[in-house]
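Residue numbering for the sequence shown follows this note's numbering, beginning at 1 and increasing consecutively. Yeah, the Cβ is synthetic: ideal placement off N, Cα and C, and Gly gets one too. Have a look at the structure below, then the notes.
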Amino acid sequence: MNNFLLKSYLKCRRKAWLDFKADKQYKSWSAQNAIQNYVEFKTFEKYTGSKLFSGIKGCEEGYVGVLGMKMKHILKNDLEILVNPSILIKVKGKSIWGRYKYIPAISKLGNRTTKEHLFDLALSSIALEKFQNSKVEHGLVFKRYKNQIKVEKIFLKDKLKDKAVNIFSELNNSLIQNIPEITENRKKCSICYWQKYCDNEAKLKGYLTDIDGIGLNTSKFLKKLGIQNINQLATFNKNELEQKLLKYHDKNITKYSKFIDQSIAYKSGSAISLPNRDKYLKIFFEANPGFLIFDIESNPDENHDFLYGLLSISNIWQNSKDDIYEPILNLKNEKKIISNPKILTKLISKKNWPILHYGDTEKIAIIKLAREANFFESEIEILKSRFIDLHLIVRKSWILPLKNYSLKTVANWVGYNWEQNNVSGSKALFWWLQYQDNQTNIFLEKIIKYNKDDCLATLHIARWLLNNLKYNFKEK
Ligand code: SF4
Numbered sequence: 001m002n003n004f005l006l007k008s009y010l011k012c013r014r015k016a017w018l019d020f021k022a023d024k025q026y027k028s029w030s031a032q033n034a035i036q037n038y039v040e041f042k043t044f045e046k047y048t049g050s051k052l053f054s055g056i057k058g059c060e061e062g063y064v065g066v067l068g069m070k071m072k073h074i075l076k077n078d079l080e081i082l083v084n085p086s087i088l089i090k091v092k093g094k095s096i097w098g099r100y101k102y103i104p105a106i107s108k109l110g111n112r113t114t115k116e117h118l119f120d121l122a123l124s125s126i127a128l129e130k131f132q133n134s135k136v137e138h139g140l141v142f143k144r145y146k147n148q149i150k151v152e153k154i155f156l157k158d159k160l161k162d163k164a165v166n167i168f169s170e171l172n173n174s175l176i177q178n179i180p181e182i183t184e185n186r187k188k189c190s191i192c193y194w195q196k197y198c199d200n201e202a203k204l205k206g207y208l209t210d211i212d213g214i215g216l217n218t219s220k221f222l223k224k225l226g227i228q229n230i231n232q233l234a235t236f237n238k239n240e241l242e243q244k245l246l247k248y249h250d251k252n253i254t255k256y257s258k259f260i261d262q263s264i265a266y267k268s269g270s271a272i273s274l275p276n277r278d279k280y281l282k283i284f285f286e287a288n289p290g291f292l293i294f295d296i297e298s299n300p301d302e303n304h305d306f307l308y309g310l311l312s313i314s315n316i317w318q319n320s321k322d323d324i325y326e327p328i329l330n331l332k333n334e335k336k337i338i339s340n341p342k343i344l345t346k347l348i349s350k351k352n353w354p355i356l357h358y359g360d361t362e363k364i365a366i367i368k369l370a371r372e373a374n375f376f377e378s379e380i381e382i383l384k385s386r387f388i389d390l391h392l393i394v395r396k397s398w399i400l401p402l403k404n405y406s407l408k409t410v411a412n413w414v415g416y417n418w419e420q421n422n423v424s425g426s427k428a429l430f431w432w433l434q435y436q437d438n439q440t441n442i443f444l445e446k447i448i449k450y451n452k453d454d455c456l457a458t459l460h461i462a463r464w465l466l467n468n469l470k471y472n473f474k475e476k
């Protein structure tokens, strides 16, 4: 058992169990994981000035950073751990190797330093103290931001070390039990490499959290009402539900009634159309010279929108040879570019064209950019009024037989396939990080191809909505 399992355990008990015992063929490639590993290595390279070496030889020769060091250690009650610190950093001191010693360090992606980081440093320090015969008073947490490394010093007190040992022993006990249940907080699953594996089981068992909008708390509340799974939810009588809700002083029957409809759609595989859906699509029947379809790729960690993709469509109903996709790159993210951002010029040059997008990111980003470029409030209002969020329209018009209403899920369901396999926003970010480091155009090309597909997928959804106005779908 090693310290990596503890990191998994702190995220989800089941994850640690699967890491330790499950057949690795069920594990999927995770963009999030790849980003973590990539950023971690680049951070270590930058901090140490590439003075890195691997294993014990690195320590003996006094390298600034040592990777891949493995140390066996017996914690309390004969509990053995194989500690593999993310990196060891050379500092002043005295150890078995001479007039220097090492301390453990770790890199983080978000802004928060979590228990995972603290316990990992604590366990590493326990093994390292014994191994190098020298005290470790603190560890380091690195965070890469705009090509700089921020360093946080973490004091490794006995209390923290004791906590880390206790939780490791809890992990040890959990691994000899049966496989833990799927976490109730399914948000965690979206970035986990066991997601497909767990999704299959959740579907089979009819987990309530598979229904769009049902999170941890709602699922707990529904269980209190006697609804344990999707089957029970789909067949639940709405009047009875209303009575039960009143007992709990909850009058939001509309919300729960929608969950029932969502579970009916999910179970049956058929979409349910909502009344008055035509009104949301009125804009498409007005005389517009054309439409812009807009999608952004960004690095949220650095507040950097690095690609604005614009697809100009002259006829929303069918393809035309005049349709143009244009990728507008913002490679540097420098303030001076903001004084004359090309994307704003482009959007304004087609001032009568509505801007279709999926989700609120695009509108928020452009309004922010317009404010930074000192647009008048009246100009900003005009710009705002041009944005049409298809994600909102889909939600107001249909209950789809899907787990969520993300662009990928909905577009796949309406029959759109991305040209590149297994792509996602996270994968585009992974390509972007690699491009930033080595300026290899192939990564930019992949990102642009992906972004163009996102625009085309948005168009595909718009056309599906329009085409389905013509049919006589059963109204609710
Ligand atoms: S997919 Fe979810 S439940 Fe399964 S191991 Fe990962 S986090 Fe846990």
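Could you have a look at residue i and say whether DSSP puts it in helix, strand or coil?
{"i": "Ala462", "result": "helix"}
{"i": "Lys90", "result": "strand"}
{"i": "Pro275", "result": "coil"}
{"i": "Glu184", "result": "coil"}
{"i": "Val414", "result": "coil"}
{"i": "Asp78", "result": "helix"}
{"i": "Asn2", "result": "strand"}
{"i": "Lys350", "result": "coil"}
{"i": "Arg112", "result": "coil"}
{"i": "Lys476", "result": "Unreliable placement is indicated for Lys476, whose pLDDT of 38 sits below 50; the coordinate value is still reported in the next sentence. Lys476 falls in the coil class under three-state DSSP."}
{"i": "Gln420", "result": "coil"}
{"i": "Trp431", "result": "helix"}
{"i": "Gln148", "result": "strand"}
{"i": "Leu402", "result": "coil"}
{"i": "Tyr100", "result": "strand"}
{"i": "Gly58", "result": "helix"}
{"i": "Phe155", "result": "strand"}
{"i": "Ser28", "result": "coil"}
{"i": "His249", "result": "coil"}
{"i": "Leu18", "result": "helix"}
{"i": "Ile355", "result": "strand"}
{"i": "Leu140", "result": "strand"}
{"i": "Lys72", "result": "strand"}
{"i": "Leu390", "result": "helix"}
Flag residue i as yes when its Cβ comes closer than 8 Å to any non-hydrogen atom of ligand 1, and as no otherwise.
{"i": "Trp194", "result": "yes"}
{"i": "Thr183", "result": "yes"}
{"i": "Lys21", "result": "no"}
{"i": "Lys188", "result": "yes"}
{"i": "Tyr26", "result": "no"}
{"i": "Tyr197", "result": "yes"}
{"i": "Lys7", "result": "no"}
{"i": "Lys15", "result": "yes"}
{"i": "Lys11", "result": "yes"}
{"i": "Leu18", "result": "yes"}
In terms of alpha-carbon separation, which member of the options lies closest to residue i?
{"i": "Pro289", "options": "Asp250, Trp353, Asn330", "result": "Trp353"}
{"i": "Gln439", "options": "Gln132, Lys332, Phe168, Phe284", "result": "Lys332"}
{"i": "Glu240", "options": "Leu311, Asn231, Tyr256, Gly68", "result": "Tyr256"}
{"i": "Thr183", "options": "His138, Ile230, Asn217", "result": "Asn217"}
{"i": "Gln262", "options": "Phe44, Phe236, Leu400, Trp17", "result": "Leu400"}
{"i": "Gln390", "options": "Trp431, Leu140, Ile461, Asp210", "result": "This sequence places Leu at residue 390; Gln is not what is there. Checking every option, the nearest Cα to that of Leu390 belongs to Ile461."}
{"i": "Leu344", "options": "Lys244, Asn374, Gly359, Glu445", "result": "Asn374"}
{"i": "Leu128", "options": "Lys403, Pro85, Asp158, Asn37", "result": "Pro85"}
{"i": "Glu427", "options": "Tyr9, Gly226, Ala16, Trp29", "result": "Here residue 427 turns out to be Lys, not Glu, going by the sequence shown. Nearest C-alpha to Lys427: Trp29."}
{"i": "Leu456", "options": "Leu329, Ile313, Lys90, Arg186", "result": "Ile313"}
{"i": "Asn486", "options": "Lys446, Leu402, Tyr405", "result": "Shown here, the chain extends from 1 to 476; a query on residue 486 therefore has no answer."}
{"i": "Ser134", "options": "Glu152, Lys150, Gly98", "result": "Gly98"}
{"i": "Leu246", "options": "Leu225, Ile230, Tyr266, Ala265", "result": "Leu225"}
{"i": "Leu459", "options": "Glu152, Leu407, Glu419, Ile442", "result": "Leu407"}
{"i": "Ile74", "options": "Leu123, Phe4, Phe430, Ser50", "result": "Leu123"}
Assuming the contact rule is C-beta atoms closer than 8 Å, residue i and residue j should be a hit. Round their C-beta distance to whole Å, please.
{"i": "Leu466", "j": "Trp317", "result": "7 Å"}
{"i": "Phe155", "j": "Glu137", "result": "7 Å"}
{"i": "Asn451", "j": "Gly309", "result": "4 Å"}
{"i": "Leu292", "j": "Lys350", "result": "6 Å"}
{"i": "Ile260", "j": "Lys238", "result": "6 Å"}
{"i": "Ile230", "j": "Gly269", "result": "13 Å between Cβ atoms; not a contact."}
{"i": "Ala105", "j": "Leu140", "result": "4 Å"}
{"i": "Asn172", "j": "Leu307", "result": "Wrong, their Cβ atoms sit about 46 Å apart, outside the cutoff."}
{"i": "Lys115", "j": "Leu204", "result": "Not really, about 32 Å apart at Cβ, beyond 8 Å."}
Do we get a CB-CB distance below 9 Å when we pair residue i with the residues of chain B?
{"i": "Ser257", "result": "Looking for chain B here will not work: only one protein chain is present."}
Entirely within the segment 194-233 and at least 4 residues each: give me those alpha helix (DSSP H) ranges in chain order. 195-205, 216-224
Unbroken stretches of the alpha helix (DSSP H), 4 residues or longer, contained in the segment 261-341: 335-338
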